[in-house]
Amino acid sequence: MKILFIGDLHGNAPRTRQLLDIADTANVDMIALLGDILYHGPRNPLTEGYDPKATAQMLNRYKQKIVSVRGNCDSEVDQTLLEFPMTCDFAWLVADGKRMFLTHGHLWSPSNLPPLMPGDVFASGHVHFPSARVENGIHIWNPGCPCLPKEGSVAGYGLYENGVFRAMDMDGNTVLEDRLFPATMTEQKTA
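The opening position of the sequence shown corresponds to residue 1 in full-length UniProt numbering, with each subsequent residue numbered one higher.
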């Protein structure tokens, strides 16, 4: 299964278009939106290209592939523009036999994890910088932010395929990586 992880679009139409082009090129099976989809929020500056209506229209064309969660900047009125559910605080996915807990990060976070088991994935947005690490057996992923990166990070997204999560910059370069399964002998020899 191939999943595109997107955190914190904040209504940025040009980045939305770029990410959906990436989804098409990569032929993803699913798009995981990790909250803060349309509104920029009162603490964030307006980005060039801020257009929540256009962002919603573009995303709606992919509604069959989208699983989404609510962020702290999302509201019920956003649901009137979006043709896929986005008002839940979390969602579960199962990919390649692994459980993935998706949330924005303002309620559940790496420092306040829900009840997870070793080997599970915790995926969130909210902080606007990427992560791909394992703590106490839990895989902690954050794709970063495509339009308002923070903490010196670059704008980006996440891509999961064949048991590997990669936090990518907007040019498609891997920034961070985490493997759900040990590398195969072939991969170990070529690494």
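Backbone N, C-alpha and C define an ideal beta-carbon position, used for all residues, glycine too. Quick caveat, the model's predicted, so the values are computed rather than measured.
Own chain, CB closer than 7 Å to residue i, minus 5 neighbours either side, in chain order
i    : result
T16  : L9, T55, M58 and L59
G163 : D96, R179, L180 and F181
L113 : F122 and I138
Sequence-distant residues of the same chain with beta carbon closer than 6 Å to residue i, five excluded per side
i    : result
L107 : D89
A13  : G49, D51, A54 and T55
F129 : G144, K150, E151 and S153
A32  : I3, F5, V67 and L102
A91  : V67, V69 and L102
Of the residues the options, the one placed nearest residue i, counting alpha carbons only
i    : options                   : result
H139 : P85, M170, Y160 and M168  : Y160
M86  : G71, Q18 and W92          : G71
A26  : V154, E76, F5 and N112    : F5
G137 : S153, G125 and P118       : P118
G7   : L20, C73 and D36          : D36
D74  : D169, G11, Y157 and C147  : G11
L116 : G125, E135, H126 and S131 : E135
D171 : G156, E177 and Y62        : G156
H40  : R133, F84 and L148        : L148
D120 : Q79, V94 and L34          : V94
G105 : D24, A23 and V69          : V69
Cβ shell of residue i (< 8 Å), same chain only, five flanking positions each side left out
i   : result
D29 : M1, K2, I3 and K65
Residue i, buried or exposed, once every other Cβ within 10 Å from all chains shown has been counted against 16
i           : result
T190        : For T190, the predicted structure reports a pLDDT of 47, less than 50, and the residue's modelled location is therefore unreliable. A value from the coordinates is still provided. Exposed, since its Cβ has fewer than 16 Cβ neighbours within 10 Å.
F100        : The sequence given here places Met at residue 100; Phe does not occur at that position. The residue is buried, with at least 16 neighbouring Cβ atoms inside 10 Å.
N173        : exposed
P146        : buried
residue 205 : There is simply no residue 205 to check, as the chain begins at 1 and stops at 191 in what is shown.
L19         : buried
L176        : buried
Straight-line gap, residue i to residue j (C-alpha atoms, nearest Å)
i    : j    : result
T103 : S109 : 8 Å
A132 : F165 : 7 Å
G125 : T80  : 22 Å
A23  : R61  : 12 Å
* In chain order, which beta strand (DSSP E) runs of at least 3 residues are fully inside the region 92-147? -> 98-103, 121-123, 130-135 and 138-143
* Taking the runs of the beta strand (DSSP E) that are 3 residues or longer, which of them lie wholly in the region 1-69? -> 2-6, 30-33 and 66-68
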